[in-house]
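Undergrad:
There are 2 protein chains.
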Amino acid sequence: MPRGARAHVLELLRHRIITLQIPPGAPLSENELAAQLGVSRTPVRESVILLAEQGLVSVVPQVGTYVAPLRLSDIASAQFVREALEVASLAEALDKVGDQDVADLRALVAAQRNAAPDAFFPLDEEFHLRLLSISGHASAWRAVSHAKAHLDRARHLSLPLPRQVDVLVDQHEAVVDALAQGRAEEATDALRTHLRKVFDDVAVVRQQHPDYFVDDPA
Amino acid sequence: MPRGARAHVLELLRHRIITLQIPPGAPLSENELAAQLGVSRTPVRESVILLAEQGLVSVVPQVGTYVAPLRLSDIASAQFVREALEVASLAEALDKVGDQDVADLRALVAAQRNAAPDAFFPLDEEFHLRLLSISGHASAWRAVSHAKAHLDRARHLSLPLPRQVDVLVDQHEAVVDALAQGRAEEATDALRTHLRKVFDDVAVVRQQHPDYFVDDPA
DNA sequence: GTCAGTCGGCTACCATACAAGTATGTCCCG
DNA sequence: CGGGACATACTTGTATGGTAGCCGACTGAC
Numbered sequence: 310m311p312r313g314a315r316a317h318v319l320e321l322l323r324h325r326i327i328t329l330q331i332p333p334g335a336p337l338s339e340n341e342l343a344a345q346l347g348v349s350r351t352p353v354r355e356s357v358i359l360l361a362e363q364g365l366v367s368v369v370p371q372v373g374t375y376v377a378p379l380r381l382s383d384i385a386s387a388q389f390v391r392e393a394l395e396v397a398s399l400a401e402a403l404d405k406v407g408d409q410d411v412a413d414l415r416a417l418v419a420a421q422r423n424a425a426p427d428a429f430f431p432l433d434e435e436f437h438l439r440l441l442s443i444s445g446h447a448s449a450w451r452a453v454s455h456a457k458a459h460l461d462r463a464r465h466l467s468l469p470l471p472r473q474v475d476v477l478v479d480q481h482e483a484v485v486d487a488l489a490q491g492r493a494e495e496a497t498d499a500l501r502t503h504l505r506k507v508f509d510d511v512a513v514v515r516q517q518h519p520d521y522f523v524d525d526p527a
Numbered sequence: 310m311p312r313g314a315r316a317h318v319l320e321l322l323r324h325r326i327i328t329l330q331i332p333p334g335a336p337l338s339e340n341e342l343a344a345q346l347g348v349s350r351t352p353v354r355e356s357v358i359l360l361a362e363q364g365l366v367s368v369v370p371q372v373g374t375y376v377a378p379l380r381l382s383d384i385a386s387a388q389f390v391r392e393a394l395e396v397a398s399l400a401e402a403l404d405k406v407g408d409q410d411v412a413d414l415r416a417l418v419a420a421q422r423n424a425a426p427d428a429f430f431p432l433d434e435e436f437h438l439r440l441l442s443i444s445g446h447a448s449a450w451r452a453v454s455h456a457k458a459h460l461d462r463a464r465h466l467s468l469p470l471p472r473q474v475d476v477l478v479d480q481h482e483a484v485v486d487a488l489a490q491g492r493a494e495e496a497t498d499a500l501r502t503h504l505r506k507v508f509d510d511v512a513v514v515r516q517q518h519p520d521y522f523v524d525d526p527a
């Protein structure tokens, strides 16, 4: 089997979980996945362990592993982490941003406007990674990405709506405008508003699929 | 072999790496570790994979696994993540803090004053976790902890000095005082100062053991 | 009908065996 | 003496086997 089976399996599982192709609460059998993907149990198991570390699956010894259900407390926690990191980065970026950075960001926003809904996801990721890079903290992307995974999963069903994407692109543009003009408070406020839109999206998804959610443990 | 070998091995390796019992750059053989710890390669390997995900070790396929060297860029990145999260949490905590919280924090600070240098580490962790809990974002501890691991490792050699510990406890007290009195700016500034002390400690360690460090990739 | 006991099948966990690639030390040749 | 090819001893990656424990369905007694 190919030499990088684990990376392949991990990426595939992660994608399927985030896009809700595998719904929250669904059981994951190591044997079944191994057979289905044409690899042995080892790379599958190692991928599952990594996904568990990231909180995307929950493994119960001797019982089974399940895709983590959507918990509002987890979503709030992930949002806190992401917002703290991106806002702190943006505050530093205000002093360091250059013309080339602004041009790159505007090009990304333009691409997002013309992109099909399916192509929006990677462009969105690149936009936020770019924001981190300006302040020189691109290496914090891993932490942001881990948090973002939970948020993207929780709102994934609401994204295909073209209207939603338009709103997001407008918010991106507002951040870039304020950043380019050096308006600190306006920029961070715009970013906060943008990031917190996830709560609205989650509320929509929650109505469509209440079975994906579980109540927070008291 | 004991049930839960992976958790045991992972905790042990992590501790040895953070405390520099295993120095940066040292090779880690899965076979050797398995024999030394009396378990098979499987739990060792799974632990190594998790440590690699956290950036504490670097595994080169078909060549070897090495404890990650100390990179100043990694340390700066970890510091950025930790500072952003803890400061954001503290800002929210100012509106939510109760008398019981302050009492608990003061008790922790008192315990830190009377603690032997070796016992300081867990008390320090509990203090910072407590700060997160006040704002209701205790679940962000995992992200903080991952970042903190790199910082603690980089300054571990400077901590046994009793004088250093006294300074840290004083800084803890300053944060608690400002938090109890509701002085927002003073509290966050005190926390920032406290967290950034790591750079001084790292400079000391760097002089003692320049071989543990590598230059940043240009 | 109801409940206790048991048995079968499933799970993840740990151990082991095999495969494939890399670095190194050695030997031979120029 | 210097350099290159090769054998060997490692490394991690993958595949497979065996074990302990949990869950559920079935059975039998009350």
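Protein chains in written order, with this note's numbering: chain A, 310 to 527; chain B, 310 to 527. The beta carbon of each residue, even a glycine, is placed where N, CA and C say it ideally should be.
For a contact defined as C-beta to C-beta under 7 Å, what are the partners of Val390/B on chain A?
TA: Leu394, Ala449 and Ala452
Undergrad: Can you look up Val348/B in the DSSP assignment and give me helix, strand or coil?
TA: coil
Undergrad: Taking contact to mean 3 or more Cβ pairs, one atom from each stretch, closer than 8 Å, check whether the segment 375-387 of chain A and the segment 460-471 of chain A are in contact.
TA: yes
Undergrad: Can you pull out the residues from the segment 359-370 of chain B whose beta carbon lies closer than 9 Å to at least one beta carbon of chain A?
TA: Leu359, Glu362, Gln363, Gly364 and Pro370
Undergrad: Determine the chain B residues that contact His446/A at a beta-carbon separation under 7 Å, and present them in chain order.
TA: Going along chain B in sequence order, the residues near His446/A (Cβ under 7 Å) are Ser386 and Phe389.
Undergrad: Note the first and the last residue of the continuous beta strand (DSSP E) segment covering Val369/A.
TA: Val366 to Val369
Undergrad: Flag Asp433/A as yes if its beta-carbon sits less than 9 Å from any beta-carbon of chain B, otherwise no.
TA: no
Undergrad: What are the partner residues of Tyr375/A, as DSSP defines its beta bridges?
TA: Partner residues in the beta bridge of Tyr375/A, as assigned by DSSP, are Pro336/A and Ser367/A.
Undergrad: Pick helix, strand or coil for Val511/B, following the three-state DSSP scheme.
TA: helix
Undergrad: For my contact list, Leu417/A and Arg451/A are in at a C-beta cut-off of 8 Å; report their separation, rounded to the angstrom.
TA: 21 Å between Cβ atoms; not a contact.
Undergrad: Among Ala397/B, Arg391/B and Ser442/B, which one has its Cα closest to the Cα of Asp413/B?
TA: Ser442/B
Undergrad: Any beta carbon from chain B within less than 9 Å of Arg312/A's own beta carbon?
TA: yes
Undergrad: Over the uninterrupted alpha helix (DSSP H) stretch that includes Ala397/A, give me the two end residues.
TA: Leu381 to Lys405
Undergrad: If Pro426/B and Pro378/B are in contact, beta carbons under 8 Å, what's the gap, nearest whole angstrom?
TA: Contact doesn't hold; Cβ gap of about 26 Å is too wide.
Undergrad: Please tell me whether Ala397/A has its Cβ less than 9 Å away from any Cβ of chain B.
TA: yes
Undergrad: Determine the direct distance from the alpha carbon of Gly364/B to that of Arg357/B, and round the result to whole angstroms.
TA: It should be noted that the sequence gives Val, not Arg, for residue 357/B. Cα to Cα, the separation comes out at about 10 Å.
Undergrad: Per DSSP, which one or two residues make a beta bridge with Phe430/B?
TA: Phe430/B has no beta-bridge partner at all, per DSSP.
Undergrad: According to a CB-to-CB cut-off of less than 7 Å, which residues of the segment 326-339 of chain A neighbour chain B?
TA: So nothing in the stretch comes that close.
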